[in-house]
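Novice: Chains as they are written, first to last, in the numbering used here: chain V, 282 to 536; chain U, 47 to 440. What follows is a single structure, and I will ask about it in a moment.
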Ligand SMILES: Nc1ncnc2c1ncn2[C@@H]1O[C@H](COP(=O)(O)OP(=O)(O)O)[C@@H](O)[C@H]1O
Ligand SMILES: [Mg+2]
């Protein structure tokens, strides 16, 4: 399997704070990879430097053999990396389906002037994007909420909508930032199945941040543990579970 | 084929509507004609600003500057080239309108650039400053009349064209929002970080909104210049920008329907008030008390009553009736007091009424009259439906 994403000593500093410190890891195509660590460990910041929200201070980020560190977010999305947000960032006043259509818009081919004139090509394209969005909503089990305002959805539904919106960009790599946060055990169970299913169906590589240990351990094939910006362990779930450094980091004791 | 038939039909309808307005206006006095023209221009201004402020979420307060740039461009090219060009008036006017739009959109690009870095209040201040700078620069250019102004010859009274522009502006915005293209403008308004993570080019979207919005304002300016036969910096002061912003906010930021109706309403309301008779100050005080009662009552109902729509409307009407009765009864009584008996000139109250309407509306409905809604038959059906679960159910 070819390498999908590779971080080499990626580092970012905010003033004096080193939020991510020389982090290196590699995702093969089709991996289900977990990123865990206590609050403030730098997990979300890792996502932010991969998706171009921030430019890494040093180190390299390689996606499908191409260096992408510092590339603007919208270009990264066009390259095939999509993400969800820990603090849900839906387009609140838009409807559920419109949120997903925005995700699909990067594949548009028709021009703006035609849209202002509402020409047949633009109408067809919009209909096509809506139809594709509807298919994705079925996958995340939100089809019957398609015309609701996205802000009116429950927490768990909003998280699933974020996944559908990310999938609409037709990514090769999907980054999920705490997708199970705020969900009840049953919703988590369903999410677990769903993530696997979409990975297989769309041949995705998935990088996922999660606090719920049981959830990560049962879903991910490999896990990397961050603490205070630095990698403290990595490996398969079983090795991580028993690693004294990881236990210490989570319980707040010196290793 | 069916599409093009329908499209030709709507275009013909738009022309017919404008021709109708022209025919109606031709029979009116100069004063009324002027009102019809200005109302049409304000519709264009409000709807085009709504594209920037409401739809794309970039709070711009300098729209009068683009209006002014269009007007002066039209005046200037008319002064230089009209005599030599020997074009039919309609053709000249369309050329002038396009030139005004083009020059204004260059300015729109320049103002759009700070919007890439500035947000919210900061952008508002910069655009406000930009508007004033343009006005003051023009005021100090003797070549285009300076503070005195520039006369624009010839005068054209193409009322149909004014309304055609307004309809075009509404149609462009409406069309945009019906396609996936329009959604990216809304997405930028809702969340820039999420938009770019979804591949939306936030920079390009914002600049496009500024370009389009200012182009329409520039075209409106060109029409104004030829209608008035005169332009001066005094016609484009900060209050013009404020009034346009007010129209957008009041109509409901993002709603094209709201911007259109608010533009017409806010334009005619103060004009109508010119004919108000004089009355004692006491009546004014009583009206004020009535308004306060109404606001408090309405807010109480909005916060505490969640029953059926009919019952809610009945409660609103009851409060309104109480407020009106109190104002009517209290008025003559308090006017007996010597200090409250002094007469007030009704016509001078125009701006006060304007301000009070605004305050009351912002208290009762901060999201604007239409909020994010657009007029459509489906929307109307939904609003008139008698059950009222406020949450969206499906
Ligand atoms: N834009 C920023 N400016 C300054 N500090 C930041 C910024 N973003 C994140 N940080 C800091 O970086 C550290 C890691 O944050 P984060 O990646 O959000 O942690 P988590 O692992 O919980 O997702 C935190 O201490 C946070 O305060
Ligand atoms: Mg985080």
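Built from N, CA and C at the ideal position, the CB exists for glycine as well. All figures in this text were calculated on a predicted structure; none of them were measured in a lab.
With DSSP collapsed to three states, give me the class of residue 163 of chain U.
Specialist: Position 117 of the second chain, counting from 1, holds the residue named residue 163 of chain U. Coil.
Novice: Identify every run of the beta strand (DSSP E) within the stretch 338-426 of chain V, keeping only runs that are complete inside it and at least 3 residues long; order them along the chain.
Specialist: 339-344 and 362-364, all fully within the stretch 338-426 of chain V.
Novice: Using the three-state DSSP reduction, which class does residue 309 of chain V fall into: helix, strand or coil?
Specialist: Position 28 of the first chain, counted from the start, is the residue given in the question as residue 309 of chain V. Strand.
Novice: For residue 287 of chain V, which residues from the same chain have a beta carbon less than 7 Å from its beta carbon, with the 5 sequence-adjacent residues on both sides left out?
Specialist: Within the first chain, residue 287 of chain V is the residue found at index 6, counting from 1. Here the set comprises 307 and 343.
Novice: Could you pull out every residue in the same chain whose Cβ sits closer than 6 Å to the Cβ of residue 440 of chain U, ignoring the five residues on either side in sequence?
Specialist: The residue labelled residue 440 of chain U in the question sits at position 394 within the second chain. Interpretation of residue 440 of chain U is limited by its pLDDT of 36, a score under 50 that renders its predicted location unreliable; no figure is taken from the coordinates.
Novice: Give the interface partners of residue 335 of chain V over in chain U, defined as CB-CB distance under 7 Å, in chain order.
Specialist: Residue 335 of chain V sits at position 54 when you count from the first residue of the first chain. Here the premise fails: no neighbours, minimum Cβ distance about 11 Å.
Novice: Mapping the DSSP letters down to three states, classify residue 430 of chain V as helix, strand or coil.
Specialist: In the first chain, residue 430 of chain V corresponds to position 149, counting from 1. It is a strand residue.
Novice: Would you identify the three-state DSSP class for residue 435 of chain U, choosing helix, strand or coil?
Specialist: Numbered from its first residue, the second chain carries residue 435 of chain U at position 389. Residue placement at residue 435 of chain U cannot be trusted, given a pLDDT of 44 that sits under 50; what the coordinates show is reported in the next sentence. In the structure shown, residue 435 of chain U sits in coil (DSSP, three-state: anything other than H, G, I, E or B).
Novice: Is the Cβ-Cβ distance between residue 322 of chain V and residue 510 of chain V less than 8 Å?
Specialist: In the first chain, the residue the question calls residue 322 of chain V occupies position 41. In the first chain, the residue the question calls residue 510 of chain V occupies position 229. Yes, they are a contact pair.
Novice: Quick one: is residue 258 of chain U buried, meaning 16 or more other Cβ sit within 10 Å of its Cβ, or exposed?
Specialist: Locating residue 258 of chain U in the second chain gives position 212, where the first residue counts as 1. Answer is buried; the Cβ neighbour count reaches 16.
Novice: What's the C-alpha gap between residue 313 of chain U and residue 403 of chain V?
Specialist: Within the second chain, residue 313 of chain U is the residue found at index 267, counting from 1. Within the first chain, residue 403 of chain V is the residue found at index 122, counting from 1. Straight-line Cα distance between these residues: approximately 36 Å.
Novice: Count the C-beta pairs between the stretch 140-151 of chain U and the stretch 264-277 of chain U that are closer than 8 Å, then say yes if the count reaches three, no if not.
Specialist: Enough Cβ pairs lie closer than 8 Å, so yes.
Novice: With DSSP as the reference, please indicate the residues paired to residue 508 of chain V in a beta bridge.
Specialist: Position 227 of the first chain holds residue 508 of chain V. For residue 508 of chain V, which the question treats as bridged, DSSP gives the partners V/511.
Novice: By how many angstroms is the C-alpha of residue 108 of chain U removed from the C-alpha of residue 153 of chain U?
Specialist: The residue you call residue 153 of chain U lines up with position 107 of the second chain. The residue you call residue 108 of chain U lines up with position 62 of the second chain. The straight-line gap from Cα to Cα measures roughly 11 Å.
Novice: Assess, as a yes-or-no matter, whether the stretch 300-316 of chain U is touched by the stretch 354-366 of chain U under the definition of 3 or more beta carbon pairs within less than 8 Å.
Specialist: Short answer: they don't touch.
Novice: With a cut-off of 5 Å, give the chain-ordered residues whose Cβ is closer than this to any heavy atom of ligand 1.
Specialist: The set, ordered by position in the chain, is V/295, V/300, V/320, V/321, V/322, V/323, V/324, V/325 and V/326.
Novice: Hey, out of U/110, U/81, U/84 and U/52, whose CA is closest to residue 286 of chain U's CA?
Specialist: Position 240 of the second chain, counted from the start, is the residue given in the question as residue 286 of chain U. Residue 286 of chain U has its Cα closest to that of U/110, out of U/110, U/81, U/84 and U/52.
Novice: Taking CB distances under 8 Å as the criterion, tell me whether residue 344 of chain V reaches chain U.
Specialist: Along the first chain, read from residue 1 onward, the residue named residue 344 of chain V stands at position 63. It does not: the Cβ of residue 344 of chain V has no partner Cβ on chain U nearer than 8 Å.
Novice: Just verifying my parser: in three-state terms, what is the DSSP assignment at residue 289 of chain V?
Specialist: Stepping through the first chain from its first residue, residue 289 of chain V is reached at position 8. Strand at residue 289 of chain V.
Novice: Can you check DSSP and say which residues form a bridge with residue 457 of chain V?
Specialist: As a position in the first chain, residue 457 of chain V is number 176, starting the count at 1. Beta-bridge pairing links residue 457 of chain V to V/489.
Novice: At a threshold of 7 Å, does residue 331 of chain V count as lining ligand 2 (C-beta to nearest heavy atom)?
Specialist: Residue numbering aside, residue 331 of chain V sits at position 50 when the first chain is read from its first letter. Result no, Cβ not under 7 Å from ligand 2.
Novice: Taking C-alpha atoms, which residue in U/203, U/403, U/190 and U/70 lies nearest to residue 275 of chain U?
Specialist: Here residue 275 of chain U refers to the residue found at position 229 when the second chain is read from its first residue. The shortest C-alpha separation from residue 275 of chain U is found at U/203.
Novice: Kindly indicate the opening and closing residues of the alpha helix (DSSP H) around residue 135 of chain U.
Specialist: As a position in the second chain, residue 135 of chain U is number 89, starting the count at 1. 135-158 is the span of the alpha helix (DSSP H), which, as asked, contains residue 135 of chain U.
Novice: What residues in its chain sit with their C-beta under 6 Å from that of residue 542 of chain V, if we drop five residues either side in the sequence?
Specialist: Since the displayed chain V opens at 282 and closes at 536, residue 542 of chain V lies outside it and no answer follows.
Novice: Just to make sure I have the definition right: I need the residues of chain V whose C-beta is within less than 7 Å of the C-beta of residue 247 of chain U. Which are they?
Specialist: Walking along the second chain from the start, residue 247 of chain U turns up at place 201. Ordered by position in chain V, the residues that pass the 7 Å Cβ test against residue 247 of chain U are 355.
Novice: I think residue 530 of chain V touches residue 318 of chain V, with their Cβ atoms under 8 Å apart; what is that distance to the nearest whole Å?
Specialist: The residue labelled residue 530 of chain V in the question sits at position 249 within the first chain. The residue labelled residue 318 of chain V in the question sits at position 37 within the first chain. That pair is a contact at about 7 Å.
Novice: Counting only beta-carbon atoms, is residue 460 of chain V nearer than 8 Å to chain U?
Specialist: For the purposes of this step, residue 460 of chain V is taken as the residue at position 179 of the first chain. So no, residue 460 of chain V is outside the interface.
Novice: By a C-beta neighbour count over all protein chains shown, 10 Å radius and 16 as the cutoff for buried, is residue 338 of chain U buried or exposed?
Specialist: Against the second chain, residue 338 of chain U aligns to sequence position 292. With fewer than 16 Cβ atoms within 10 Å of its Cβ, residue 338 of chain U is classed as exposed.
Novice: Kindly identify the DSSP beta-bridge partner or partners of residue 326 of chain U.
Specialist: The residue given as residue 326 of chain U occupies position 280 in the second chain. Per DSSP, U/389.
Novice: How should residue 181 of chain U be labelled, buried or exposed, when 16 other C-beta atoms within 10 angstroms of its C-beta is the threshold for buried?
Specialist: Numbered from its first residue, the second chain carries residue 181 of chain U at position 135. Its Cβ being crowded by 16 or more others within 10 Å, residue 181 of chain U is buried.
Novice: Is the beta carbon of residue 336 of chain V closer than 8 Å to that of residue 350 of chain V?
Specialist: In the first chain, the residue the question calls residue 350 of chain V occupies position 69. In the first chain, the residue the question calls residue 336 of chain V occupies position 55. In this structure, residue 336 of chain V lies closer than 8 Å to residue 350 of chain V by Cβ.
Novice: Determine the contact status of residue 390 of chain V and residue 406 of chain V, defining contact as a CB-CB distance below 8 Å.
Specialist: Within the first chain, numbered from 1, the residue matching residue 390 of chain V stands at position 109. Within the first chain, numbered from 1, the residue matching residue 406 of chain V stands at position 125. Yes. Within cutoff.
Novice: Pull out every residue of the stretch 224-247 of chain U whose Cβ sits closer than 8 Å to any Cβ of chain V, in chain order.
Specialist: The stretch 224-247 of chain U vs chain V, Cβ under 8 Å: 224, 225, 226, 227, 228, 229, 230, 232, 233, 236, 237, 239, 240, 241, 242, 243, 244, 245, 246 and 247.
Novice: Sorted by chain position, which residues of the same chain lie with C-beta nearer than 8 Å to residue 297 of chain V's C-beta, five sequence neighbours on each side aside?
Specialist: Here residue 297 of chain V refers to the residue found at position 16 of the first chain. Excluding residues within five positions, none has a Cβ falling inside 8 Å.
Novice: Residues of the stretch 385-408 of chain V in Cβ contact with chain U at a cutoff of 9 Å, in chain order, please.
Specialist: Flagged, chain order: 385, 386, 387, 388, 389, 391, 392, 393, 395, 396, 397, 398, 399, 400, 401, 403, 404, 406 and 407.
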